[in-house]
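Peer 1: In the working numbering, the protein residues as written are 8 to 155.
Don't be surprised by glycine CBs; every beta carbon is placed ideally from N, CA and C.
The structure follows.
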């Protein structure tokens, strides 16, 4: 019974992380395309910077990679195992923690639940999170943000 509550808390935490990542990409891009001059981002452990929108929009891959570090620096951990390196919480696809198709790779113990991956394909950012289910199986949330 107690374990069921813990699993549900991890599922909800991963869902919330997924929603925050999707929201960040959607609102940041919309802000820049709507005429704002800067967008905020954690750029190192001690600095929150306002980056020029012209710089952000000039290279979508750079923006996605910088955003990955923003999430890691602001504490987006893997809810299923918070002792893992921050990259197991949110990562850019094709790295050590995300497969090329955007699904989180297994961390120690053969599990990938709790991971969130960011995939850039053309002008689309896809956010993929493995929230898991009550029975310990994989269950993925996927959202796509079109960068126009």
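1) Along the alpha helix (DSSP H) that carries residue 76, what are the first and last residues, could you check?
2) For residue 25, is the classification buried or exposed, using 16 other Cβ atoms within 10 angstroms of its Cβ as the cut-off for buried?
3) Three or more C-beta pairs closer than 8 Å, one from the segment 35-45 and one from the segment 94-103: is that the case here?
4) Have a look at residue 55 and residue 76 and give me their C-alpha separation to the nearest angstrom.
5) Beta-carbon within less than 8 Å of residue 87's beta-carbon, same chain only, minus the 5 sequence neighbours each way: which residues are those?
6) Using a Cβ-Cβ cutoff of less than 8 Å, which residues in the same chain neighbour residue 177 once the five nearest sequence positions on both sides are dropped?
7) Between which two residues does the beta strand (DSSP E) holding residue 43 run?
8) Between the Cα of residue 147 and the Cα atoms of 19, 10 and 13, which residue gives the shortest distance?
9) Can you give the Cα-Cα distance for residue 155 and residue 128, rounded to whole angstroms?
10) Please state whether the Cβ-Cβ distance between residue 100 and residue 126 is less than 7 Å.
11) For residue 73 and residue 114, I'd like the C-alpha separation in whole angstroms.
12) Residues in its own chain within less than 7 Å of residue 44 by CB, not counting five upstream and five downstream?
13) Can you tell me the Cα-Cα spacing of residue 109 and residue 150, whole angstroms?
Peer 2: Taking the definition as stated:
1) 67-80
2) That one is buried.
3) no
4) Taken atom to atom, the span from the alpha-carbon of residue 55 to that of residue 76 is near 12 Å.
5) 17, 21, 118, 120, 121 and 139
6) Shown here, the chain extends from 8 to 155; a query on residue 177 therefore has no answer.
7) Neither: residue 43 is in no beta strand (DSSP E) and is coded neither H nor E.
8) 19
9) Cα to Cα, the separation comes out at about 13 Å.
10) yes
11) 23 Å
12) 59 and 60
13) 11 Å
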